[in-house]
Structures are given as structure tokens and as C-alpha cells.
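Heads up: the sequence lines are chains A and B, in that order.
Sequential numbering of the first sequence, starting at 88, is according to the working numbering.
Sequential numbering of the second sequence, starting at 5, is according to the working numbering.
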Amino acid sequence: EAGVTQSPTHLIKTRGQQATLRCSPISGHTSVYWYQQALGLGLQFLLWYDEGEERNRGNFPPRFSGRQFPNYSSELNVNALELEDSALYLCASSLWLAGGLPPEQFFGPGTRLTVL
Amino acid sequence: KQEVTQIPAALSVPEGENLVLNCSFTDSAIYNLQWFRQDPGKGLTSLLLIQSSQREQTSGRLNASLDKSSGRSTLYIAASQPGDSATYLCAAPGGTSYGKLTFGQGTILTVHP
């Protein structure tokens, strides 16, 4: 069974441009999560989508946005790129079961975004 | 608000040693705790998930324990191998925002031959 996939692997942009990152969850998973791992800052939660809806958002400015498509894949968009947006962006997926306990999250390989 | 701390920040051991990595969390009302492995520049590999109702979880040479009352989890690695060298991260769902995982800063493990 295929795991979480992300594209592209690497992305190089200049300051002020827009970046679009893509994620495909494990088949059958309906939730997608986005995390940022910047050098020296650890892993920070960005966004959580479930069944096409945004369920939770981390402490990031509005220029970080995303969406989830009917097939549960997801896109993360970063507008007006700044140098400090350079980071590894990780996507995870999970399936929430009846009872609502937080499920195990499975991560993809990440997209390395470099802003010059 | 959930906060997660890991000690030590780095650990270097000779091959064959048994070792323990520590993880502390501030909100004892956690639903579960997850341990991950991350190789340099790569994504996260889920190692173990411990539910709040469990005290231990085992997978091969790995054993993780969870003590909610003390706010601690430990990851025990038996008979370490050079291939175990990686960064190990623990993470817990955060309070009412339980879709979100709060991560520790990680322990960088180096196992030398």
C-alpha cells in the first residue's frame, strides 16, 4: 500500500513569489495535516483538513493557506514568500474512527522549499 | 496548551548498547503519544503509538512506555545498531486542538560501530 506522497521534492522560489505544494494521503485516509520544519525551530503545525474542511490552523500568517480536494489530496499555498519560509514542509494523513480519539498520523517525505 | 520536551538533545553510543530516550509533556490529559524517527532531510517514520489506556507498546527492539501521571514517556532501544542513527521525535495531540501534534525538539542519536 502506497504511503503519503508529496510533490515536488524540492522547490526553489524567490522572495515575493508564490509556492504550491501538493500532498496525496494514504488511500482511505480523509484527514491531511501540514507541518513546517524550519532550521532550528522544530516541527510546527500549520493546517488540518478533514473531509474537505479546514479543522484547525496553527499560528501562521494568512499567506499560508490550503485546500483539500474531493479525493482527499491537499494543496498548501504560500503567498508573498519570505526568506524565513525556507523549510521542509511535511504532510501527514490519518483516518478518524468512531469515538473521535486522535489517530496515528503517517508522514510523507516532505517538500524542501528554498526561498532566495 | 501542550508542551513537549525531549532529553537528551543528542546521544552518542557504541553499537550494542541499550539506551533510553526521554519525552516529557505538560498536559497529562493526552489521548496518545507517538514516537517517530527522522533521517537527515527526510520525512518522519512512525515507530510506535501508545494510547492513553496503555502503559507500554513494543515493536521489535523498540519499547515505549507512557506514564500520564508523571507526564513522561520513554523510548527504549535494545541492542543498538549503526542503522538506528537518526533523530527521534515524540509528539502528542495538543489539548482541545487534538488534530494537531505538538512535537519535542528531538534527540539526535548516533550509534558508532
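All C-beta atoms in this analysis are idealised placements derived from N, C-alpha and C, irrespective of residue type, glycine included.
Check your understanding: Tell me, which residues are paired with H116(A) by DSSP?
Key -> By 1-based counting over the first sequence, the position of residue 116(A) is 29. Answer by DSSP bridge pairing: none, since H116(A) is not bridged.
**Study point:** Alpha carbon of F194(A) to alpha carbon of A89(A), nearest angstrom
**Key:** To locate residue 194(A), count along the first sequence from 1; it is residue 107. To locate residue 89(A), count along the first sequence from 1; it is residue 2. Answer to the nearest angstrom: the Cα atoms are 12 angstroms apart.
Review point. So which residues on chain A does P97(B) lean against when the C-beta distance must stay under 7 angstroms?
Key: Taking the first residue of the second sequence as 1, we reach residue 97(B) at position 93. Simply P189.
Practice item. Name the residue from V202(A), P196(A) and R150(A) whose alpha carbon lies nearest to the alpha carbon of R109(A). Key: Here residue 109(A) corresponds to residue number 22 of the first sequence, with the count starting at 1. Here the closest residue by C-alpha is P196(A).
Check your understanding: Does the beta carbon of F29(B) come closer than 8 angstroms to any beta carbon on chain A?
Key -> Along the second sequence, read from residue 1 onward, the residue named residue 29(B) stands at position 25. So, not an interface residue.
Review point. What residues from chain A crowd round N36(B), counting only those whose CB sits closer than 9 angstroms?
Key: For the purposes of this step, residue 36(B) is identified with residue 32 of the second sequence, where counting begins at 1. In chain order: L188, P189, P190 and E191.
Check your understanding: Can the beta-carbon of R65(B) be found closer than 8 angstroms to that of I81(B)?
Key -> What you label residue 65(B) is simply residue 61 of the second sequence in a count that begins at 1. What you label residue 81(B) is simply residue 77 of the second sequence in a count that begins at 1. Going by C-beta atoms, R65(B) is nearer than 8 angstroms to I81(B).
Exercise for review: Thinking L130(A) and F147(A) are a contact (beta carbons under 8 angstroms), I'd like their distance in whole angstroms, please.
Suggested key: Taking the first sequence and counting its residues from 1, the one referred to as residue 130(A) is at position 43. Taking the first sequence and counting its residues from 1, the one referred to as residue 147(A) is at position 60. Incorrect: roughly 13 angstroms between the Cβ atoms, too far for contact.
Check your understanding: Closer than 7 angstroms, Cβ to any Cβ of chain B: which residues of the region 128 to 143 of chain A, in chain order?
Key -> G129, L130, F132, W135, R142 and N143
Point to revise | E140(A): first and last residue of the uninterrupted beta strand (DSSP E) it sits in | key: For the purposes of this step, residue 140(A) is identified with residue 53 of the first sequence, where counting begins at 1. Element bounds for E140(A): E140 to R144.
Point to revise | Whether L55(A) touches A125(A) by CB criterion (8 angstroms) | key: No statement about residue 55(A) is possible, as the shown extent of chain A runs from 88 to 203 and does not include it.
Check your understanding: Does DSSP put E171(A) in a helix, in a strand, or in coil?
Key -> Start at 1 with the first residue of the first sequence, and residue 171(A) comes out as number 84. E171(A): helix per DSSP, three-state reduction.
Check your understanding: Helix or strand or just coil, what does DSSP make of D71(B)?
Key -> In the second sequence, residue 71(B) corresponds to position 67, counting from 1. Three-state DSSP puts D71(B) in a strand.
Practice item. Give a yes or no on whether the minimum CB-CB distance between Q6(B) and chain A is below 8 angstroms. Key: Taking the first residue of the second sequence as position 1, residue 6(B) is located at position 2. So no, Q6(B) is outside the interface.
Check your understanding: Distance, Cα to Cα, E171(A) vs V202(A)?
Key -> Here the question's residue 171(A) lines up with position 84 in the first sequence. Here the question's residue 202(A) lines up with position 115 in the first sequence. Their Cα atoms are separated by approximately 8 angstroms.
Review point. Using 8 angstroms as the limit for Cβ to Cβ distance, is Q85(B) near chain A?
Key: Stepping through the second sequence from its first residue, residue 85(B) is reached at position 81. No, its Cβ sits nowhere closer than 8 angstroms to a Cβ of chain A.
Point to revise | Residues, ordered as in the chain, of the region 156 to 181 of chain A that lie near chain B by beta-carbon distance below 9 angstroms | key: L175, L177, C178, A179 and S181
Check your understanding: Would you report the Cα separation of T9(B) and E141(A), rounded to the nearest angstrom?
Key -> For the purposes of this step, residue 9(B) is taken as the residue at position 5 of the second sequence. For the purposes of this step, residue 141(A) is taken as the residue at position 54 of the first sequence. Computed Cα separation, rounded: 28 angstroms.
Review point. Can you name the residues of chain B whose CB is closer than 9 angstroms to the CB of F151(A)?
Key: Position 64 of the first sequence, counted from the first residue, corresponds to residue 151(A). None at all; the shortest Cβ gap to chain B is about 14 angstroms.
Review point. To the nearest whole angstrom, what separates the beta carbons of W135(A) and Y159(A), a pair I think is in contact under 8 angstroms?
Key: Counting from one through the first sequence, the residue named residue 135(A) turns up at place 48. Counting from one through the first sequence, the residue named residue 159(A) turns up at place 72. About 13 angstroms; that fails the 8 angstroms criterion.
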